[in-house]
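A.B. asks: Numbering (the numbering used here), first residue to last: 36 to 239.
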């Protein structure tokens with residue numbers, strides 16, 4: 036019987052622990068997530084498609100993992116997708132999909148690839164929150180977008196209950212860095228009764 040990793044995710048307390056966790060999980064990640072009905076990638080990709088008409092525009096899949104979010108973006112017609120992730124094992128799985136223009140291994144907290152404005156949109160799908168990337172990465176993502184650039188991201192129920200995540204999301208709106216175009220609440224991992232909010236923000 037394959038080891039189960041999902042329930043261990045929210046106990047990761049450091050970037051190194053998180054990266055090691057996802058490296059160990061890489062080979063069975065898709066199967067375990069699929070059996071729990073992972074719905075957020077399709078919801079995020081659909082939200083971005085409603086706001087970004089140019090399907091050839093370059094998109095950065097931040098924390099792309101095994102590429103499930105890339106699959107969802109491609110299903111919406113997006114054709115120019117780059118992926119970054121700190122877990123080399125996850126990137127190896129994403130490479131097998133053959134849908135990314137390029138895949139880049141990054142260390143947590145390192146600069147995003149390309150000059151500011153290189154991407155029309157950045158997707159952080161199932162990436163920010165407890166057991167994943169800290170909310171501070173939202174400042175980094177916002178800085179990488181030019182005015183008019185889009186950020187599509189999700190907060191699962193754990194992130195929604197985390198005061199730091201909520202504060203960072205709200206601060207980006209309150210300080211005039213971004214404005215909200217879309218928000219919806221729905222399924223994340225229905226197999227374990229977990230929901231998520233999906234957001235599309237625009238850089239001002």
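Glycine is no exception: its CB is placed at the ideal position from the N, C-alpha and C atoms.
Only counting the same chain, and skipping five residues up and downstream in sequence, which positions put a Cβ closer than 6 Å to that of residue 153?
C.D. replies: So no residue of the chain qualifies.
A.B. asks: Does the segment 222-231 come within contact of the segment 89-104, defined as at least 3 CB pairs closer than 8 Å?
C.D. replies: Short answer: they don't touch.
A.B. asks: Would you check if the distance between the CB atom of residue 212 and the CB atom of residue 239 is smaller than 9 Å?
C.D. replies: Their beta carbons are under 9 Å apart, which means residue 212 touches residue 239 by this criterion.
A.B. asks: By how many angstroms is the C-alpha of residue 157 removed from the C-alpha of residue 234?
C.D. replies: Distance between the alpha carbons of residue 234 and residue 157 is about 12 Å.
A.B. asks: Taking 9 Å as the cut-off, decide whether the C-beta atoms of residue 119 and residue 109 are in contact.
C.D. replies: No.
A.B. asks: Considering Cα atoms alone, identify which of 125, 105, 112, 230 is closest to residue 135.
C.D. replies: Checking every option, the nearest Cα to that of residue 135 belongs to 105.
A.B. asks: Can you give me the start and stop residues for the alpha helix (DSSP H) that residue 77 sits inside?
C.D. replies: Run containing residue 77: 75-86, per the alpha helix (DSSP H) assignment.
A.B. asks: Just the C-alpha distance for residue 243 and residue 208, rounded to the nearest angstrom, thanks.
C.D. replies: The question about residue 243 has no answer, for the chain in this structure spans 36 to 239.
A.B. asks: Mind checking who residue 71 pairs with in its DSSP beta bridge?
C.D. replies: DSSP lists no partner for residue 71.
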